[in-house]
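All remarks here apply to the structure that follows.
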């Protein structure tokens with residue numbers, strides 16, 4: 001018996017039924033490039049693909065991690081590309097940059113770079129020559145796509161936002177095109193006012209974006225002192241535990257710091273003549289609302305160990321709440 005696909009053929013209605021990712025929809029909303037009527041993905045030799053010269057990322061990071069994912073799971077999302085002819089028609093003089101490639105990647109440059117490390121000979125692509133627009137529009141498309149991945153370095157974001165501002169003239173328009181608030185746009189632009197030394201500290205993660213965006217609004221001669229003060233606050237020693245803290249349970253929780261495991265349940269007796277009351281994991285207490293976290297317990301949490309918090313959140317928080325938390329943390333940058 002023939003397969004249903006062979007009987008039905010390649011109807012245009014099936015092509016229109018191709019799912020559209022949220023990132024692809026965001027690009028379409030900002031640039032006017034359609035998501036409907038685009039040909040289904042096809043495979044092409046990796047050597048026939050060129051990187052986008054106007055890519056918002058100045059450095060392609062985490063390639064080993066992406067390559068590992070490609071090896072383990074394969075390519076889950078096609079690259080968005082334009083033909084060589086369409087690209088050069090809008091960007092004459094870029095022949096040397098793209099070499100002999102037949103296609104230029106608009107969205108997916110990191111996956112393309114990682115595919116070499118993963119020893120992939122072919123890549124899935126979506127061909128859409130409507131993406132071969134002006135350099136500012138390409139930056140806009142790439143920025144939107146990368147912001148949806150939430151892993152573009154803040155300084156690279158700021159430089160791309162500055163280019164968009166030169167095109168659209170107002171921060172309000174840029175914010176609307178990106179689906180961000182004007183405050184977010186202003187905060188990213190403030191990073192470009194930092195001294196080169198402080199920008200480097202932001203790129204390495206030594207200086208947090210939350211502090212950097214405030215410092216960027218200061219005169220440059222005052223920035224170094226303000227940055228040092230911010231760094232000193234981060235490095236300040238934790239508040240020591242009280243020496244009078246009761247010690248009735250000789251076996252603290254295995255997955256929490258000692259000081260956290262030693263927080264008692266309010267209202268429970270602590271007389272040594274009685275059976276010791278169970279110790280309360282403050283994370284679980286907060287989850288159930290039965291006891292508040294004390295300053296001592298908060299100070300004892302391993303704030304310098306993000307992986308510990310990630311493990312706790314995966315165990316104790318639902319996937320929807322984790323998604324909301326990730327969104328709030330990203331907005332706070």
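Residue numbers (the UniProt record's numbering): 1 to 333.
Glycine included, each C-beta is placed from N, C-alpha and C at the ideal position.
Since we're looking at a predicted model, the values are computed, not measured.
key: the region 168-176 contacting the region 203-212, beta-carbon criterion three pairs below 8 angstroms   = no
ask   = How big is the Cα-Cα spacing for residue 45 and residue 203?
value = 34 angstroms
query = Roughly how many whole angstroms lie between the Cα atoms of residue 322 and residue 314?
reply = 8 angstroms
query = Three or more beta-carbon pairs under 8 angstroms between the region 65-73 and the region 98-116, yes or no?
reply = yes
ask   = When DSSP labels each residue in this structure, what does residue 305 get in the three-state scheme?
value = coil
key: Cβ distance (whole Å) where residue 230 is taken to contact residue 198 below 8 angstroms   = In fact, because the Cβ distance is near 10 angstroms, the residues do not count as touching under 8 angstroms.
message = To the nearest angstrom, how far is the alpha carbon of residue 109 from that of residue 190?
response = 27 angstroms
ask   = Buried or exposed: which applies to residue 178, given that a residue is buried once 16 or more other Cβ atoms fall within 10 Å of its Cβ?
value = buried
request  = Classify residue 192 as buried or exposed, calling it buried when 16 or more other Cβ atoms lie within 10 Å of its own Cβ.
outcome  = exposed
request  = Run the CB neighbour count on residue 141, radius 10 Å, all protein chains shown included, and call it buried at 16 or more, exposed below.
outcome  = buried
task = Return the bridge partner residues of residue 163 from the DSSP annotation.
result = Beta-bridge pairing links residue 163 to no other residue.
message = Can you check which of these residues, 216, 174 and 65, is closest to residue 187 by C-alpha distance?
response = 216
key: Nearest neighbour of residue 81, chosen from 119, 132 and 92 [CA to CA]   = 132
inquiry  = Quick check on the burial criterion: 16 or more other C-beta atoms within 10 angstroms. Buried or exposed for residue 92?
reply    = exposed
inquiry  = Tell me which residue opens and which closes the beta strand (DSSP E) that residue 79 is part of.
reply    = 79-83
message = Using DSSP's beta-bridge definition, name the partner residues of residue 337.
response = With the chain covering 1 to 333 only, the question about residue 337 has no answer from this structure.
ask   = Taking the C-alpha atoms as reference points, what is the distance between residue 84 and residue 77?
value = 21 angstroms
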